[in-house]
Amino acid sequence: MTRYFTQEHEWIEVEGSLATVGITDHAQSQLGDIVFVEVPAVGTELAKGKEAAVVESVKAASDVYSPVSGTVSEANNAIEEDPALVNSAAEGEGWFFKVELADPGELEDMMGEEEYRAFVADLG
């Protein structure tokens, strides 16, 4: 499995043509206590860079953008029932959705883990 990151603080873990998407630990720490999450329904067609999910915290509401184009194959309903999972396990059990990749070439512009950590460090 290969994990990639976006400048919008989403992570995507790819295994074959299936990708799991969530927000990074940095993103959840910036949001604070998460109180509401809405994930896309299975079968939803997503376009790269377009809104895919919503996350609300005590500080702000934020859209989660799909880092790739494809069809949602699974939604993590557990985070809708227990939004705090995103705070406690943003890059694990707090994933948002799984998507069947439409174009694996879209992954080429994403950052690897070391590059993303450097990007976050440069944010201050």
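For the sequence shown, the UniProt record's numbering assigns the number 1 to the initial residue and increments by one for each residue that follows.
The beta carbon of each residue, even a glycine, is placed where N, CA and C say it ideally should be.
Annotated as proximal: V39 and A53, with beta-carbon spacing under 7 Å. Per the DSSP secondary-structure output, S62 pairs in a beta bridge with V55.
Bridge partners of V14 according to DSSP: T2 and A19. Secondary-structure assignment with DSSP links V120 through no beta bridge to anything.
In the DSSP annotation of this structure, the continuous segment of the alpha helix (DSSP H) that includes A27 starts and ends at D25 to L31. About 7 Å separates the beta carbons of V99 and S66, which is inside the 8 Å limit, making them a contact pair. The beta carbons of D63 and E80 sit no closer together than 7 Å.
With 16 or more other CB atoms across the displayed protein chains lying within 10 angstroms of its CB, V55 is buried. Put simply, the backbone Cα of G32 is about 12 Å away from that of P83. DSSP, reduced to helix, strand and coil, places A41 outside both helices and strands of the structure shown, so it counts as coil. In this structure, S69 and L18 do not form a Cβ contact; the two beta carbons are roughly 14 Å apart against a cut-off of 8 Å.
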